[in-house]
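Number of protein chains: 2
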Amino acid sequence: MQYSDDIIDALSIDCVIFGFKETQLYVLLVKHGIGPTLGQWALPGSWIRYNESIDEAANRILSSQTAVGNIYLEQFKTFGDLERFPARRVITIAYYALVNIENFELHAGPTEADVQWFKVWDVPKMAFDHKTIFESCLSFLKHKVQHEPIGFNLLPPKFTLLQLLELYEAILNQKLDKSNFRKKFLKMNLLVDTKERQQDVSHRAATLYRFDENIYNKLLDKGFIFEV
Amino acid sequence: MQYSDDIIDALSIDCVIFGFKETQLYVLLVKHGIGPTLGQWALPGSWIRYNESIDEAANRILSSQTAVGNIYLEQFKTFGDLERFPARRVITIAYYALVNIENFELHAGPTEADVQWFKVWDVPKMAFDHKTIFESCLSFLKHKVQHEPIGFNLLPPKFTLLQLLELYEAILNQKLDKSNFRKKFLKMNLLVDTKERQQDVSHRAATLYRFDENIYNKLLDKGFIFEV
DNA sequence: TCAAAAGTGTTTCAAGTACACCCATGA
DNA sequence: TCATGGGTGTACTTGAAACACTTTTGA
Chain A
15 MQYSDDIIDA LSIDCVIFGF KETQLYVLLV KHGIGPTLGQ WALPGSWIRY
65 NESIDEAANR ILSSQTAVGN IYLEQFKTFG DLERFPARRV ITIAYYALVN
115 IENFELHAGP TEADVQWFKV WDVPKMAFDH KTIFESCLSF LKHKVQHEPI
165 GFNLLPPKFT LLQLLELYEA ILNQKLDKSN FRKKFLKMNL LVDTKERQQD
215 VSHRAATLYR FDENIYNKLL DKGFIFEV
Chain B
15 MQYSDDIIDA LSIDCVIFGF KETQLYVLLV KHGIGPTLGQ WALPGSWIRY
65 NESIDEAANR ILSSQTAVGN IYLEQFKTFG DLERFPARRV ITIAYYALVN
115 IENFELHAGP TEADVQWFKV WDVPKMAFDH KTIFESCLSF LKHKVQHEPI
165 GFNLLPPKFT LLQLLELYEA ILNQKLDKSN FRKKFLKMNL LVDTKERQQD
215 VSHRAATLYR FDENIYNKLL DKGFIFEV
């Protein structure tokens, strides 16, 4: 963390970044390299500058601390309890995003000692109220995923239906019926058959699909419902 | 608006308060009585003090400016674009609530020239980006009402199914089928028959229902779905 | 006896659930 | 030929949608 004149001193941003790999859901944490929380794990986060919007700040902060950049961060909730930051009064705006782990190489920023993905069901102790923020965001995600088909960013550009199913199972932490999941998703016409197949698998090769953003946006406008 | 040492100067709160009366949905606005926005309508809002949580601040501000107090305000979204507040950089946390208009007598606070309910489909010009905040909140409400049965605060403690229907029609701005709406709501077991009837109506008296908060909370835990 | 709203019933169709079963492929 | 996951089909049940109909009440 750095203190400087051009930041708003009572206001910070923290990012909850979810990633997915091999049936497991992960969250991105940094280990603080300076300051009173030295050595503690925490959500990537820092101060907002006077000359940037909060959306811009979220991206800058995440990118500088973890090298995960140029992603779509969505605002989640603002946390403003009196005791949440012990040193002084700080209100924090939480952002979240879903990313494909394999698209990013992690690099700790100048004030971070380490950056790592942690399985969401097995996270370490975190600084400040970051555990609360994380848990609140995870249950928000669980809820959200049941109402709109999100999470395509967590997968490779071309993916199989089983991968998608496993992603949903990871987020919801529960088993789903393969056949019905398949039908439900295909009926939405959100997935496009790439006409390609899996390679080098020791079983029948699955069709690779990609996610169609145009169709997704049209559905969003209409305010669609999606139940897993 | 008041400037003082004990407030966080880059951060404010604005409240979108919805009310309902006779098939119409309203929003609560104040007319500024001092400062550069003198005479303009705006959402009730002001600065956050160092010694209060943001939830407390929201309640204090709303109450002092409009006399609408002791209600459940829920955080909605934080707005932080660079140009949203012309004088200097201010980020605002928007809260919203649904209240029964008849439970409150409006009183303008010391810095407000007026307080009034406006029909949501016919609001005046507003200061800053308050129109954007309001519209964003209204569409959020529309979406929310379709997924969970909210809005009971907007009605009297005992209400008829037609009143509830009209509330939903007001929020969604669309006609709904009486019979199906009835069936859907009753099946949820969320409404309790008070065994009382409407009085002095020139037609068959309707059953008065009340909303059961315990049942509602149980349903919330399970993460229920509700479609209008 | 009429208007107005309360309240019930019915038919149709879409969609969710559970689960059995066949297919393709490499080891 | 077996294990593994891919993919299809079906029977059952629930629930949404549309709408006609009966009931109650005061004017």
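Line order of the protein sequences matches chains A and B.
Going by our numbering, the first residue of the first sequence is number 15, and it counts up by one from there.
Going by our numbering, the first residue of the second sequence is number 15, and it counts up by one from there.
All residues carry an ideal CB built from backbone N, CA and C; glycine is no exception.
- When Cβ-Cβ separations below 8 Å define contact, residue 103 of chain B makes contact with chain A.
- Note that the C-beta distance between residue 205 of chain A and residue 225 of chain A is below 8 Å.
- Residue range 38–46 is occupied by the beta strand (DSSP E) that includes residue 46 of chain B.
- Pairing residue 20 of chain A with residue 101 of chain A, the inter-Cα distance amounts to about 19 Å.
- In the DSSP assignment, residue 112 of chain B falls within the beta strand (DSSP E) that extends over 105–114.
- Burial check for residue 59 of chain B: the Cβ neighbour count within 10 Å reaches 16 or more, so the residue is buried.
- Taking 8 Å as the upper bound for CB-CB distance, residue 29 of chain B and residue 72 of chain B are in contact here, some 6 Å apart.
- Contact annotation: in the stretch 71–89 of chain A, residues whose CB is within less than 7 Å of a CB in chain B are 89.
- Proximity of chain A to residue 67 of chain B at the Cβ level (cut-off 7 Å) is accounted for by 94, 95, 96, in chain order.
- As for any alpha helix (DSSP H) of minimum length 4 sitting wholly inside the stretch 42–90 of chain A, the runs are 68–80, ordered along the chain.
- Classified as exposed, residue 219 of chain A has fewer than 16 neighbouring CB atoms from the shown chains inside 10 Å of its CB.
- In this structure, residue 68 of chain A sits away from residue 31 of chain A, with a CB-CB distance that is not shorter than 8 Å.
- Shortest Cα-Cα distance from residue 53 of chain B to any of B/193, B/228, B/142, B/81 involves B/142.
- DSSP places residue 31 of chain B inside the beta strand (DSSP E), whose first and last residues are 21–35.
- Residues of the stretch 19–30 of chain B with a C-beta less than 9 Å from any C-beta of chain A: 22, 23, 24, 25, listed in chain order.
- Three or more Cβ pairs drawn from the stretch 89–100 of chain A and the stretch 142–162 of chain A lie within less than 8 Å of each other, which places the two stretches in contact.
- Residue contact with chain B for residue 110 of chain A: absent (no Cβ-Cβ distance below 8 Å to any residue of chain B).
- Partner residues in the beta bridge of residue 128 of chain A, as assigned by DSSP, are A/45.
- At least 8 Å separates the CB of residue 182 of chain A from every CB of chain B.
- Residue pairing by DSSP puts residue 92 of chain B in a beta bridge opposite B/107.
- One thing to note: residue 167 of chain A has its Cβ within 8 Å of the Cβ of residue 114 of chain A.
- The Cβ neighbour count for residue 48 of chain B, taken over all protein chains shown within 10 Å, is under 16; the residue is labelled exposed.
- Residue 194 of chain A and residue 87 of chain A have their C-alpha atoms spaced approximately 31 Å apart.
- Using a Cβ-Cβ distance cut-off of 8 Å, the stretch 37–46 of chain B and the stretch 130–142 of chain B are in contact, since at least three pairs of beta carbons, one from each stretch, lie closer than that value.
- In terms of Cβ geometry, residue 89 of chain B and residue 92 of chain A form a close pair [threshold 8 Å].
- When C-alpha distances from residue 207 of chain A are compared across A/173, A/192, A/232, the shortest belongs to A/173.
- Taking the C-beta atoms as reference points, residue 42 of chain B is found nearer than 8 Å to residue 129 of chain B.
- Residue range 144–159 is occupied by the alpha helix (DSSP H) that includes residue 154 of chain A.
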